[in-house]
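Visitor:
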Amino acid sequence: MSKRTSATRCAVAGTATATLTLTLGLAAAGSATAAPGATAGEELDEILVVGKTLGFRHSHIDDTTHALIDLGAEHGFDVDVWDPPNSSGGWWGPGSPGQPDLTMDSTPFTSAQDLAQYDSIVFVSPVDNTNNLDPDQPRLLDDAELAALQGFVHDGGGVVGIHAATDTMHTSSWFTQLIGGGARFAGHPQQQTATMRVESPAHPSMEGVPLEWERWDEWYNYTLNPRGDVHVLMTLDESTYQGGTMGEDHPIAWCQNFEGGRSWHQGAGHVEDSWADPTFLGSVLRGIQWTAGTVSGGGDCVTWSEVDTLVEELPSDTARDRVAVNQLERRLDNAQEAANAGDASKAVRILRPTAALAGALVRDDEAAATLQAKVTDLIEWQQGLADADL
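Take 1 as the starting number for the sequence shown in full-length UniProt numbering and just add one per residue.
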């Protein structure tokens, strides 16, 4: 049996979450915050927090866990914790103490059916020391556990990655795509103040977040830029700190629709103060809610490549089919060109008739409906950028 943390148990860090409801209902001072763009569905019921560590143990894992437990108490959802002690030591020390008072007695990753009780699974910096890419190094999840997670995602499950969730399972390309769109942790400079910039202000998880947010944290560099494979929510301005290696385009928070499920990642959160910050907590909460499908909006993390793939998969058996595909591809290319040039309003003007064209030209009703929905997501995303003048 798991040691379930219900809304009546472990109300730690209450000072932060007691102010969260008020904070979420108020805009930050001035106009430079992301605008509300979410629609609400059902409430969260239960999430799983994974802090299990086989490598370097991040001190914020306990703070993050308790903050999420408190959010559950406030918002009416349960929290299970998988963070067992282990003795897999190394340069970082003798092993991980885990959270023995909170952790479940055995792995929850037994099957997709067992994981289905969770609305979302939150990986909280579960470093496993696989960054040397040694296939013999034990992973956070073994093959059977990974298969259970894959089934959970394919069945529509949500996954959240916090901070060093990109520094685990390095030898699993599937997990790397799920969390980072292919990006893995590469290194970081010393902790310092930097400016995070919101790139997708209409997404629910960006509501109330300053468009330019100066924060003290540990700022990760990644093995590659995931833009294109993921929907970038926030970037780092490398001119505001020392040690960035990714140049002018440094994504730090992103989301994606992935193989039937939803994934959301926040690369910040190393410093414990993050987990007493109502703005940061509110963003994480809404990220979890988005992966669970209990909130939506802001384009729902659509990407251009996601829509391009749908067009490539359209029927092309007849001349009419090929004309439809060519017209749609041309319009989408023009819209993306406008978006890349910073003209979101022009992109919206191109996309609006494109959605109607998909319904008129595509003879497969199901494919037409799917494509129309995704083009509508593109419109919502670009309209949010236009409204914020980004």
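We treat Cβ as the ideally placed atom computed from N, Cα and C, and that holds for glycine.
Which stretch, first to last residue, makes up the beta strand (DSSP E) that contains residue 194?
Guide: Residue 194 -> beta strand (DSSP E) spans 192 to 198.
Visitor: If we call anything under 8 angstroms between Cβ atoms a contact, is residue 250 one with residue 217?
Guide: No, the pair does not count as a contact, with Cβ atoms beyond the cut-off.
Visitor: In chain order, what residues of the same chain lie with their CB nearer than 7 angstroms to the CB of residue 376, ignoring the 5 residues before and after it?
Guide: Only 355 meet the Cβ criterion.
Visitor: Ends of the alpha helix (DSSP H) at residue 334?
Guide: Looking at the DSSP string, the run of the alpha helix (DSSP H) that includes residue 334 is 319 to 340.
Visitor: So, are the CB atoms of residue 81 and residue 51 less than 8 angstroms apart?
Guide: The answer is yes: Cβ separation under 8 angstroms.
Visitor: Name the DSSP bridge partner or partners of residue 253?
Guide: The partner list for residue 253 (beta bridge, DSSP) reads 234 and 266.
Visitor: Run the CB neighbour count on residue 323, radius 10 Å, all protein chains shown included, and call it buried at 16 or more, exposed below.
Guide: That one is exposed.
Visitor: In chain order, what residues of the same chain have a beta carbon less than 7 angstroms from the beta carbon of residue 291, not counting five sequence neighbours either side?
Guide: These residues qualify, in order along the chain: 120, 158, 159, 160, 262, 263 and 264.
Visitor: Could you give the first and the last residue of the continuous alpha helix (DSSP H) run that contains residue 54?
Guide: Note, residue 54: premise wrong, no alpha helix (DSSP H); not H, not E.
Visitor: Given this structure, state the Cα-to-Cα distance separating residue 97 from residue 57, to the nearest angstrom.
Guide: Their Cα atoms are separated by approximately 9 angstroms.
Visitor: With DSSP as the reference, please indicate the residues paired to residue 162 in a beta bridge.
Guide: BP columns for residue 162 point to 124 and 266.
Visitor: Please state if the CB of residue 76 and the CB of residue 46 are separated by a distance shorter than 8 angstroms.
Guide: The answer is no: Cβ separation not under 8 angstroms.
Visitor: Evaluate residue 389 with the Cβ neighbour count: other Cβ atoms within 10 Å of its Cβ, from every protein chain shown; 16 or more gives buried, anything less gives exposed.
Guide: Exposed, because fewer than 16 other Cβ atoms sit within 10 Å of the Cβ of residue 389.
Visitor: Where does residue 109 sit, in a helix, a strand or coil, going by DSSP?
Guide: Coil.
Visitor: Helix, strand or coil for residue 77? Go by DSSP, reduced to three states.
Guide: It is coil, neither helix nor strand.
Visitor: Got a sec? Which residues, its chain only, sit under 7 angstroms from residue 259 by beta carbon, not counting five neighbours each side?
Guide: Cβ within range, chain order: 153 and 154.
Visitor: For a test of the three-state rule: what should DSSP assign to residue 146, helix, strand or coil?
Guide: Helix at residue 146.
Visitor: Among 200, 241, 205 and 194, whose alpha-carbon lies nearest the alpha-carbon of residue 231?
Guide: Residue 231 has its Cα closest to that of 200, out of 200, 241, 205 and 194.
Visitor: DSSP three-state label for residue 217, please.
Guide: Strand.
Visitor: Can you have a look at residue 309 and say buried or exposed, based on whether 16 or more other CB atoms are within 10 angstroms of its CB?
Guide: The residue in question, residue 309, is exposed, as its Cβ has fewer than 16 Cβ neighbours within 10 Å.
Visitor: Count the C-beta pairs between the segment 278 to 286 and the segment 326 to 342 that are closer than 8 angstroms, then say yes if the count reaches three, no if not.
Guide: Touching, no, given that fewer than three Cβ pairs across the two stretches are closer than 8 angstroms.
Visitor: Leaving out the 5 sequence neighbours to the left and right, which residues in its chain are closer than 6 angstroms to residue 338 when beta-carbon positions are compared?
Guide: Closer than 6 angstroms at Cβ, skipping near neighbours: 346 and 347.
Visitor: According to DSSP, is residue 33 helix, strand or coil?
Guide: Residue 33: strand per DSSP, three-state reduction.
Visitor: Where does residue 186 sit, in a helix, a strand or coil, going by DSSP?
Guide: In this structure, residue 186 counts as strand in the three-state DSSP scheme.
Visitor: Name the one or two DSSP bridge partners that residue 86 has.
Guide: Partner(s): 96.
Visitor: How many angstroms separate the CA atom of residue 456 from the CA atom of residue 91?
Guide: Nothing about residue 456 can be reported from this structure: the residues present for the chain run from 1 to 390 only.
Visitor: Our contact map puts residue 141 next to residue 133 with C-beta atoms below 8 angstroms; I'd like the distance itself, whole angstroms only.
Guide: Their Cβ separation, rounded to whole angstroms, is 16 angstroms, which puts residue 141 and residue 133 out of contact at 8 angstroms.
Visitor: Where residue 342 and residue 220 are concerned, what is the direct C-alpha to C-alpha distance, given to the nearest angstrom?
Guide: The alpha-carbon atoms of residue 342 and residue 220 are separated by roughly 26 angstroms.
Visitor: For residue 163, which residues of its own chain have a beta-carbon under 6 angstroms away from its beta-carbon, when the five flanking residues on both sides are left out?
Guide: Taken in chain order, the residues that qualify are 125, 269 and 270.
Visitor: Would you decide whether residue 383 is buried or exposed? Buried here means 16 or more other CB atoms lie within 10 Å of its CB.
Guide: With 16 or more Cβ atoms within 10 Å of its Cβ, residue 383 is classed as buried.
Visitor: Around the Cβ of residue 369, are there at least 16 other Cβ atoms within 10 angstroms (buried) or fewer (exposed)?
Guide: With fewer than 16 other Cβ atoms within 10 Å, it is exposed.
Visitor: Could you check the C-alpha separation between residue 362 and residue 195 for me, to the nearest Å?
Guide: About 44 angstroms.
Visitor: Which one of 272, 358 and 189 has the shortest CA to CA distance from residue 67?
Guide: The candidate whose alpha carbon is nearest that of residue 67 is 272.
Visitor: Can you grab the Cα-Cα spacing for the pair residue 89 / residue 111, in whole Å?
Guide: Approximately 29 angstroms, taken between the alpha carbons.
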